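If you count the sequence shown from 1, you need to add 4 to reach our numbering. Glycine residues also receive a C-beta, built at the ideal position from the N, C-alpha and C atoms. Note that this is a predicted model, so its numbers are computed, not measured. Single-structure report; data block below.
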Amino acid sequence: MILIQSLTARKRLSPREDMFPQTLILFSALIILFHGDLVLSTTAPDDIHDVLPQYGFPKGLLPNNAVSYTLSPDDGFFTVQLDAPCYVHWDDQLVYYHSQISGTLTYGSVSHVSGIQAQKLFLWLPVTGIKVHQDSGMLEFFVGALSQTLPASDFQDVPGCSRRGSLLATNLILPL
């Protein structure tokens, strides 16, 4: 009998007290929506070519066959996966990209690069770093013990790549 009375005898809430649960639910929903919006706005771009300008580099440093990438926010270590190794021609330069490229990316600098080689004379030499010179609009490529400076504007467009280098280049010593 006591149980029945406690269920039927319900305390009347004031309109202010009665709205509290509804207000709490609405407030919680707004927090969830706002937090979800923050998460969506801070997600990384899907394409590595969209990441490069955030670090001061033109989009065209990597070929168009990049399929995925990782980038550590802690130390800038990155890997880029290409769908296959390939060659890219820039004017008189022939560059070979392995199927995986890695290094350390900071604003205006890529260091500890592996997976990219450039042909110099009759040799293939590793590209070990790239530096942006904002004041002159140039990129400095470190190739072995050498460096070469090229206009950043040459790398604005994402280059296509081919599975074979030029006939002359493929008859010479192939990349390591």
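For the alpha helix (DSSP H) containing V55, list its first residue and its last residue.
Residue 55 sits at position 51 when you count from the first residue of the sequence shown. Segment I52 to V55, the alpha helix (DSSP H) holding V55.
Can you tell which of L98, E144, G148 and T108 has the C-alpha that lies nearest to the C-alpha of G80?
Numbered from 1 along the sequence shown, position 76 holds the residue referred to as residue 80. Taking the Cα of G80 as reference, the smallest distance to any Cα among L98, E144, G148 and T108 is reached at T108.
Where G64 sits in the DSSP three-state scheme
Counted from its first residue, the sequence shown places residue 64 at position 60. Residue state, collapsed to three classes: helix.
Indicate the three-state DSSP secondary structure (helix, strand or coil) for Y100 in the structure shown.
Sequence index remark: in the sequence shown, residue 100 carries index 96 (1-based). Residue state, collapsed to three classes: strand.
Taking the beta strand (DSSP E) that L143 belongs to, which residues open and close that run?
Numbered from its first residue, the sequence shown carries residue 143 at position 139. Counting along the chain, the beta strand (DSSP E) containing L143 begins and ends at M142 to V147.
Based on the DSSP output, what are the partners of V92 in its beta bridges?
Taking the sequence shown and counting its residues from 1, the one referred to as residue 92 is at position 88. DSSP, once it has assigned bridges, lists V99 as partnering V92.
Spatial neighbours of S76 in its chain, beta-carbon cut-off 8 Å, leaving aside the 5 residues before and after
Indexing the sequence shown from 1 puts residue 76 at position 72. Excluding positions up to five away in sequence, the list reads F82.
Output needed for R167: all residues of its chain with C-beta closer than 7 Å, excluding positions within five of it in sequence on either side, in chain order.
Taking the sequence shown and counting its residues from 1, one reaches residue 167 at position 163. So the list reads A88 and C90, once near-sequence residues are dropped.
Roughly how many whole angstroms lie between the Cα atoms of L66 and V84?
Along the sequence shown, read from residue 1 onward, the residue named residue 66 stands at position 62. Along the sequence shown, read from residue 1 onward, the residue named residue 84 stands at position 80. Looking at the two C-alpha atoms, the distance is approximately 9 Å.
Taking Cβ to Cβ, would you say S115 is nearer than 8 Å to S106?
For the purposes of this step, residue 115 is taken as the residue at position 111 of the sequence shown. For the purposes of this step, residue 106 is taken as the residue at position 102 of the sequence shown. Contact flag unset, no.
Is E144 near T132, with beta carbons less than 8 Å apart?
Locating residue 144 in the sequence shown gives position 140, counting from the first residue. Locating residue 132 in the sequence shown gives position 128, counting from the first residue. No, the pair does not count as a contact, with Cβ atoms beyond the cut-off.
What does DSSP give as the partner residues of Y73 in its beta bridges?
Walking along the sequence shown from the start, residue 73 turns up at place 69. The partner list for Y73 (beta bridge, DSSP) reads V84.
Label L127 either buried or exposed according to how many other C-beta atoms from any shown protein chain fall within 10 Å of its C-beta, with 16 as the threshold for buried.
Locating residue 127 in the sequence shown gives position 123, counting from the first residue. So L127 ends up on the exposed side.
Counting C-beta neighbours from all protein chains within 10 Å, is the total for P62 16 or more, i.e. buried, or is it exposed?
Here residue 62 corresponds to residue number 58 of the sequence shown, with the count starting at 1. P62 should be labelled buried.
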